[in-house]
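See structure below.
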Amino acid sequence: MVTRLTVDRHQQSKKGHVIVNRDQLEQLRARPKARVLVVGGGINGVATFRYLAMQGIDVALVERGDYCQGASGASSHMIHGGIRYLENGEFRLVHESVQERNSLLEIAPHYVKPLQTTIPIFSTFSGMLSAPMRFLTHKSGKPTERGAALIKAGLIMYDVFAGIGGRNTPWHNFKGTKAARKDLPELREDVKYTATYFDASVHNPERLTLDVLRDGLGASDQARASNYVELTTVTDGTATLRDVLTGEQFDFEAEVIINATGAWVDLTNAELGKNTKWTGGTKGSHIVLDHPELLAATGGREIFFENEDGRIVLIYPMLGRVLVGTTDLEHDMREPAVCTDEEVAYFFDLIGQVFPRISVSEEQIVYKFSGVRPLPNHDDTAPGFVSRDYQVKETRLTDSTMMLSLIGGKWTTFRALAENLGGKALAFLGESEKHSTQGVAIGGGKNFPTNEGQLAAWYAAREDRAPHARLRVLLERYGTGADRVLAEVGEHEELLTHSSELSVQELSYLVAHEQVGRLIDVFIRRTNLAFRGLVTKDLVTEVASHLAEPMGWDQTQTAAEIDHSLSVLAESHGVILA
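Following this line, the structure appears as structure tokens:
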């Protein structure tokens, strides 16, 4: 007998936590006004929403797709200070980024993990003359290899920015040829040195975004947020919102509208009758490989280097797979961003440059993804030298309505950026900050077990509620929020036939609490099953069958959702499910 959850979509859970579902849309309709309306459900928009909610501001957020569906979900999964930005002279950004990286390791340890990073070096003094010229002119010129001396200088500065005392990452180290090849025996033979330092990676960026959202909704009774809702027009300060899933429209009033649509900022402004040319995003693509030999060759660390064409190359382990990226290509925002065959060939060539004895093939690719960085308009500046810093543009819509457009921004600095952007909204409203987000644990990062002893104790305390393997999946997916899920799914959880990582009851939980709008949301953003190459056609069909009842889908709509999921996986991610 399958136990199903009874979902009351119009109340808070009896457990006391916030129900996050499509009823957020009904709350927007029921009270169609807020002091601040945030447009864009990527990490920066969601973090700004959370910050404002913590100040007690009546704030609403809408996202035309799913949360973290755009650039935030197509990143290199890195939380990093940006050592390369030193050469751009962006010292403020590097310092802020390194400090925010350190902070995220503390406040979001369930998703943000230390990442040992190694740079293979093939010369001693290369780049000593070209680097200052690149710094002064911001022109790429002819790419020149960085030698050990230049990299050493950069890493010393990077470590200083991370702090002299109270560090939560080790200092960098250099190794010569023999020691380097002992660590990484598959490296090409002409490596002279390796430089190793620590940054961090975010294993589940989509779920971290959902945690930030949940925290925002829980911070204030006035806070509301809905995905699959788009802003279509603003007339005399009144916004028109459209439910993407039904086509229904309604008006919404706000004193401040925050345009946090990333690389789409100019297109969003154009829809509102404002002609701006503030953005110039570049496309970055990645591939995910199921390749045990390459995974072993990385030695559990990221391999980071600059290709001869000046692009940064990343090869590193992620969730039992190998993530390879990234490109940096000009892109027309009116076209979808997809990873092309040419980019795949480029990645294969890069792998061969680093690990020449390891072969890779198309069959080993389990997932592809591509996104557009929300960079500022950069004219003739080479993409790699465009500032990764952020700025806020103000546009007066009426005497009483202001629009703030966010230009730029990166994953690592989302918390600090949100305080900056949210602070500008507060200033316009005549309000002041009541609570900082500095040091505040995010979602399931609160009380997360961070060492072997704590982890063993966490499992032991719950061994009577679910098998160890199931507890591990839930802890990795929800952090300490796993307790909330365990309480909802009950003792008689029924795992799916085609995946041991999902159950019938958990799917009902996702519908009730995490604003699932489309079937594809489950595979890409509520879980990482697609990223790891664990989605099959049978699984798609099975999940759809169990979602139909709680989502209210009839047979025709269920079939349409299956077709849509298969199409997205094939066209956007190169996953063909026969």
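Per the numbering used here, numbering of the sequence shown is gapless, rising by one per residue and ending at 1963.
Built from N, CA and C at the ideal position, the CB exists for glycine as well.
Alpha carbons only, please: which of the options is nearest the one belonging to residue i?
{"i": "Leu-1760", "options": "Thr-1865, Gln-1823, Lys-1662, Gly-1737", "result": "Lys-1662"}
{"i": "Glu-1638", "options": "Ser-1817, Ala-1826, Leu-1919, Thr-1783", "result": "Thr-1783"}
{"i": "Val-1698", "options": "Phe-1733, Glu-1727, Arg-1706, Thr-1725", "result": "Phe-1733"}
{"i": "Tyr-1578", "options": "Ile-1506, Val-1619, Asp-1408, Ala-1438", "result": "Ile-1506"}
{"i": "His-1465", "options": "Asn-1913, Gly-1808, Phe-1689", "result": "Phe-1689"}
{"i": "Gly-1427", "options": "Leu-1410, Asp-1451, Ala-1438", "result": "Asp-1451"}
{"i": "Ile-1672", "options": "Gln-1839, Asn-1660, Val-1745", "result": "Val-1745"}
{"i": "Leu-1803", "options": "Leu-1437, Val-1447, Pro-1417", "result": "For the sequence presented, residue 1803 should be read as Ala rather than Leu. When each option's Cα is compared against that of Ala-1803, the closest is Leu-1437."}
{"i": "Arg-1332", "options": "Leu-1881, Leu-1895, Glu-1837", "result": "The shown model of the chain, from 1386 to 1963, leaves out residue 1332, and the question about it has no answer."}
{"i": "Thr-1882", "options": "Ile-1905, Arg-1869, Thr-1926", "result": "Thr-1926"}
{"i": "Leu-1892", "options": "Ala-1604, Val-1920, Ala-1933", "result": "Ala-1933"}
{"i": "Ser-1821", "options": "Thr-1433, Asp-1544, Val-1587, Thr-1620", "result": "Thr-1433"}
{"i": "Lys-1778", "options": "Thr-1786, Ser-1790, Ser-1785", "result": "Ser-1790"}
{"i": "Ser-1488", "options": "Asp-1868, His-1877, Gly-1830", "result": "Gly-1830"}
{"i": "Gln-1900", "options": "Val-1614, His-1588, Leu-1572", "result": "Val-1614"}
{"i": "Met-1787", "options": "Gln-1940, Leu-1814, Leu-1840, Arg-1414", "result": "Leu-1814"}
{"i": "Lys-1659", "options": "Ala-1610, Arg-1781, Arg-1469", "result": "Arg-1781"}
{"i": "Asn-1692", "options": "Gly-1685, Val-1739, Ala-1681, Ala-1730", "result": "Val-1739"}
{"i": "Thr-1631", "options": "Glu-1411, Gln-1890, Asp-1849, Phe-1908", "result": "Glu-1411"}
{"i": "Ala-1810", "options": "Glu-1640, Pro-1852, Val-1870, Thr-1798", "result": "Glu-1640"}
{"i": "Pro-1485", "options": "Thr-1503, Thr-1502, Arg-1469, Met-1463", "result": "Inspection of the sequence shows that residue 1485 is occupied by Glu rather than by Pro. The residue with the shortest Cα to Cα distance from Glu-1485 is Met-1463."}
{"i": "Trp-1556", "options": "Thr-1503, Pro-1570, Ala-1564", "result": "Thr-1503"}
{"i": "Pro-1935", "options": "Asn-1913, Ile-1909, Val-1889, Met-1542", "result": "Val-1889"}
Quick one: what's got a C-beta closer than 6 angstroms to residue i's C-beta in the same chain, skipping five residues either side?
{"i": "Phe-1833", "result": "Pro-1494, His-1495, Gly-1864, Thr-1865"}
{"i": "Arg-1592", "result": "none"}
{"i": "Leu-1490", "result": "Val-1497, Asn-1553, Ala-1585"}
{"i": "Thr-1835", "result": "Pro-1494"}
{"i": "Leu-1679", "result": "Val-1707, Ile-1743"}
{"i": "Leu-1954", "result": "Val-1960"}
{"i": "Gly-1455", "result": "Gly-1427, Gly-1647"}
{"i": "Thr-1623", "result": "Asp-1636, Glu-1638"}
{"i": "Gln-1607", "result": "Asp-1443"}
{"i": "Glu-1448", "result": "Gly-1426, Asn-1612"}
{"i": "Asn-1558", "result": "Thr-1581"}
Across which residues does DSSP place residue i in a beta bridge pair?
{"i": "Asn-1558", "result": "Thr-1581"}
{"i": "Asp-1628", "result": "Val-1614"}
{"i": "Ala-1842", "result": "DSSP, once it has assigned bridges, lists no residue as partnering Ala-1842."}
{"i": "Glu-1687", "result": "Thr-1502"}
{"i": "Tyr-1752", "result": "Val-1673"}
{"i": "Asp-1636", "result": "Thr-1625"}
{"i": "Lys-1418", "result": "Glu-1638"}
{"i": "Ser-1586", "result": "Met-1463, Lys-1498"}
{"i": "Lys-1668", "result": "Leu-1714, Val-1757"}
{"i": "Asn-1644", "result": "Val-1424, Ser-1790"}
{"i": "Leu-1708", "result": "Val-1673, Tyr-1701"}
{"i": "Ser-1888", "result": "Leu-1880"}
{"i": "Glu-1779", "result": "Leu-1789"}
{"i": "Arg-1609", "result": "Ala-1445"}
{"i": "Val-1619", "result": "Ala-1624"}
Please list, in chain order, all residues of the same chain as residue i whose beta carbon is under 7 angstroms from its beta carbon, the five residues on each side excluded.
{"i": "Asn-1762", "result": "Lys-1662, Trp-1663, Thr-1664, Gly-1665"}
{"i": "Leu-1521", "result": "In this prediction, Leu-1521 scores a pLDDT of 37, lower than 50, which makes its location untrustworthy; the coordinate-derived value is nonetheless stated afterwards. Taken in chain order, the list of residues that qualify is empty."}
{"i": "Thr-1921", "result": "His-1883, Leu-1962"}
{"i": "Gly-1808", "result": "Glu-1818"}
{"i": "His-1958", "result": "Tyr-1752, Lys-1753, Phe-1754, Ala-1915"}
{"i": "Ile-1492", "result": "Gly-1824, Val-1825, Ala-1826, Ile-1827, Gly-1830"}
Please return the same chain residues whose Cβ sits closer than 8 angstroms to the Cβ of residue i, not counting the five positions on each side in sequence.
{"i": "Asp-1774", "result": "Glu-1475, Arg-1477, Leu-1478, Gly-1793"}
{"i": "Gln-1634", "result": "Thr-1617, Thr-1625, Leu-1626, Arg-1627, Asp-1628"}
{"i": "Ala-1854", "result": "Ser-1885"}
{"i": "Leu-1652", "result": "Thr-1646, Met-1718, Arg-1719"}
Would you say residue i touches the ligand NAP, meaning its beta carbon is less than 7 angstroms from a heavy atom?
{"i": "Asp-1717", "result": "For the structure depicted, the ligand NAP is absent and the ligand set is empty, with no information on it obtainable."}
Shorter than 8 angstroms from the beta carbon of residue i to some beta carbon of chain D?
{"i": "Phe-1635", "result": "Absent from the structure: chain D. Only one protein chain is present."}
Next item on the list: Could I get the ranges of all uninterrupted beta strand (DSSP E) runs contained in the region 1421 to 1448, with 3 residues as the minimum, in chain order?
Entry: Taken in chain order, the whole beta strand (DSSP E) runs of length 3 or more contained in the region 1421 to 1448 are 1444 to 1448.
Next item on the list: Determine, using beta-carbon pairs with one atom in the region 1473 to 1489 and one in the region 1641 to 1648, whether at least three such pairs fall under 8 angstroms.
Entry: No, the region 1473 to 1489 does not touch the region 1641 to 1648.
Check: Would you say the region 1741 to 1751 touches the region 1580 to 1592, given that touching needs at least three Cβ pairs under 8 angstroms?
Finding: no
Next item on the list: Tell me the start and end of each unbroken alpha helix (DSSP H) in the region 1900 to 1947 that is at least 4 residues and wholly inside, in chain order.
Entry: 1922 to 1936
Next item on the list: Report the residue ranges of all beta strand (DSSP E) runs contained in full by the region 1782 to 1866; include only those spanning at least 3 residues, in chain order.
Entry: 1786 to 1793
Note to self: If contact is defined by three or more beta carbon pairs under 8 angstroms, each pair taking one atom from either stretch, is the region 1439 to 1448 in contact with the region 1647 to 1659?
What the structure shows: A contact is defined here as three or more CB-CB pairs under 8 angstroms, and the region 1647 to 1659 fails this definition with respect to the region 1439 to 1448.
Next item on the list: Determine contact between the region 1943 to 1954 and the region 1904 to 1911, defined as no fewer than three beta-carbon pairs at a distance below 8 angstroms.
Entry: When Cβ pairs closer than 8 angstroms are counted between the two stretches, the region 1943 to 1954 is seen to touch the region 1904 to 1911, the count reaching three or more.
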